[in-house]
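*Asks:* So in our numbering, spot 168 of the sequence shown is number 170, and the numbers just go up one at a time.
Glycine included, every Cβ here is placed at the ideal spot set by N, Cα and C.
Remember, predicted model here, so these are calculated numbers, not experimental data.
Okay, handing you the structure first.
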Amino acid sequence: MRVVSHTCSNTEIVCALGCADLLVGVDDHSDYPAEVVRDLPRIGPDLGVDIERVKRLEPDLVLTSLTVPGHERIVADLERAGLPLLVLQPKSLRDVSTDIETISRALHVEERGRELAQWMRDQLATSAPAPESRPPILVEWWPKPVIVPGKRSWVTDMLAISGKSVVTRQVVFAVQQLVVFQTPPPSEPA
Numbered sequence: 003m004r005v006v007s008h009t010c011s012n013t014e015i016v017c018a019l020g021c022a023d024l025l026v027g028v029d030d031h032s033d034y035p036a037e038v039v040r041d042l043p044r045i046g047p048d049l050g051v052d053i054e055r056v057k058r059l060e061p062d063l064v065l066t067s068l069t070v071p072g073h074e075r076i077v078a079d080l081e082r083a084g085l086p087l088l089v090l091q092p093k094s095l096r097d098v099s100t101d102i103e104t105i106s107r108a109l110h111v112e113e114r115g116r117e118l119a120q121w122m123r124d125q126l127a128t129s130a131p132a133p134e135s136r137p138p139i140l141v142e143w144w145p146k147p148v149i150v151p152g153k154r155s156w157v158t159d160m161l162a163i164s165g166k167s168v169v170t171r172q173v174v175f176a177v178q179q180l181v182v183f184q185t186p187p188p189s190e191p192a
């Protein structure tokens with residue numbers, strides 16, 4: 003089976019399922035696991051997929067998601083091109099574990115998918131919340147226009163599990179104290 007992944011989350015799921023050898027192309031943002039994706043053909047950024055490049059890869063399956071505004075346009079373009087699609091739309095961590103199982107069925111590794119999804123659910127169930135004394139966290143998905151997670155998202159779920167209060171777009175302007183995390187560029191020491 004020849005698989006193209008349009009989103010980095012799906013790329014990582016394919017690899018976690020032990021199916022990295024099925025990948026024949028990935029989006030420009032797929033960077034993990036580096037040893038797997040570094041030499042794979044790129045199909046463009048997630049909001050600017052080169053449909054002709056995807057077609058030339060002759061996939062048996064294109065994994066895509068409706069996770070970012072604008073993905074619906076890419077999905078429509080892939081459908082018009084007649085490419086075989088599996089479209090996912092995870093919003094919560096529960097949805098992510100369901101998507102793992104869905105992808106595993108499409109890749110014919112159902113048992114691995116059930117095991118991985120159950121492991122994920124078990125890990126989340128045993129996570130201990132952090133102390134409540136820390137300030138709320140704002141996660142910025144996109145800078146212009148500013149896009150932050152809503153009340154129902156996997157990011158909000160993860161922060162809630164860790165005991166953090168989450169800043170969503172409904173309260174962005176009401177929050178006085180924020181913790182901002184920025185990953186340094188690869189050339190700078192952490």
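Among Pro92, Ser67, Pro151, which residue has its Cα nearest to the Cα of Glu81?
*Replies:* Ser67
*Asks:* Using three-state DSSP, classify Ser155 as helix, strand or coil.
*Replies:* coil
*Asks:* When you compare only the Cα positions, how much space is there between Arg114 and Leu19?
*Replies:* In a straight line, the C-alpha of Arg114 is about 6 Å away from that of Leu19.
*Asks:* Can you look up Trp121 in the DSSP assignment and give me helix, strand or coil?
*Replies:* helix
*Asks:* Within 10 angstroms of its Cβ, does Val148 collect 16 or more other Cβ (buried), or is it exposed?
*Replies:* exposed
*Asks:* Does the beta-carbon of Leu49 have 16 or more other beta-carbons within 10 angstroms, so that it is buried, or is it exposed?
*Replies:* exposed
*Asks:* If distances are taken between C-alpha atoms only, which option among Val77, Glu112, Ala119, Ala78 comes closest to Arg96?
*Replies:* Ala119
*Asks:* Assign Ala83 to buried or exposed, taking buried as 16 or more other Cβ atoms, counted over all protein chains shown, within 10 Å of its Cβ.
*Replies:* Under this definition Ala83 is an exposed residue.
*Asks:* With distances taken Cα to Cα, identify the nearest neighbour of Val26 among Ser99, Glu14, Arg44, Cys10.
*Replies:* Arg44
*Asks:* Going by the beta-carbon positions, is the gap between Val111 and Leu87 smaller than 8 Å?
*Replies:* In this structure, Leu87 does not lie closer than 8 Å to Val111 by Cβ.
*Asks:* Using a Cβ-Cβ cutoff of less than 7 Å, which residues in the same chain neighbour Thr9 once the five nearest sequence positions on both sides are dropped?
*Replies:* Within the same chain, Cβ atoms closer than 7 Å to the Cβ of Thr9 are found at Asp29, Asp48, Thr66, Ser67, Thr69, the five residues on either side in sequence being excluded.
*Asks:* With a 10 Å radius around its C-beta and 16 neighbouring C-beta atoms as the bar for buried, classify Pro35 as buried or exposed.
*Replies:* By the Cβ-count criterion, Pro35 is exposed, with fewer than 16 other Cβ atoms from all chains shown falling within 10 Å of its own Cβ.
*Asks:* Does the beta-carbon distance from Ile139 to Leu161 come in below 8 Å?
*Replies:* yes
*Asks:* For Leu42 and Gly72, I'd like the C-alpha separation in whole angstroms.
*Replies:* 24 Å
*Asks:* Under a three-way DSSP split, which group does Ile15 fall into?
*Replies:* helix
*Asks:* Tell me whether Ser99 sits in a helix, a strand or coil according to DSSP, three-state version.
*Replies:* Here Ser99 sits in helix by DSSP.
*Asks:* Out of Ser94, Thr100, Gln125, Glu54, point me to the one whose CA is closest to Leu85's CA.
*Replies:* Glu54
*Asks:* Could you please give the first and the last residue of the uninterrupted beta strand (DSSP E) stretch that includes Val28?
*Replies:* DSSP places Val28 in the uninterrupted beta strand (DSSP E) bounded by 25 to 28.
*Asks:* Using a 10 Å radius around the Cβ and a threshold of 16 neighbouring Cβ atoms, would you call Asp101 buried or exposed?
*Replies:* buried
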